[in-house]
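Here the structure is laid out as structure tokens; the discussion comes afterwards.
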Amino acid sequence: MLIKGSLTPGTFQAFFQYMNMSSEPITELSYMTNSLQSALASMERVYELLDEPEMEAEPEAPKRIGHALGAVEFSHVRFGQLLVNRHFVSFIHSFL
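Numbered by the working numbering, the letters in the sequence shown go through residues 10 to 105 in order.
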């Protein structure tokens, strides 16, 4: 139609611009839906945190530890890092 001359370049451009403008409300609706779903997922995590049982209060008279040796022995444990998606991930693995 454009080549035959029955449609001017301006009309051709206006048609596609109006088509693009007509899809804009649907695009905006999808952005709002995505934001709403993200907010709902965040609310779920907040409520999970609020539903956690409260921690016990610190004792008024805590037990005293006498002399601590300070010696810690690790056996059958491996520490390391893996490269995952160009990021290092630390891990601790027990062989017990």
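Even glycine gets a Cβ: it sits at the ideal position worked out from N, Cα and C.
- A direct Cα-to-Cα measurement between SER31 and ARG54 gives close to 37 Å.
- DSSP places ARG54 in the helix class (H, G or I) of the three-state scheme.
- Rounded to the nearest whole angstrom, the C-alpha separation of ILE35 and MET41 is 10 Å.
- Boundaries of the beta strand (DSSP E) around LEU92: 86–93.
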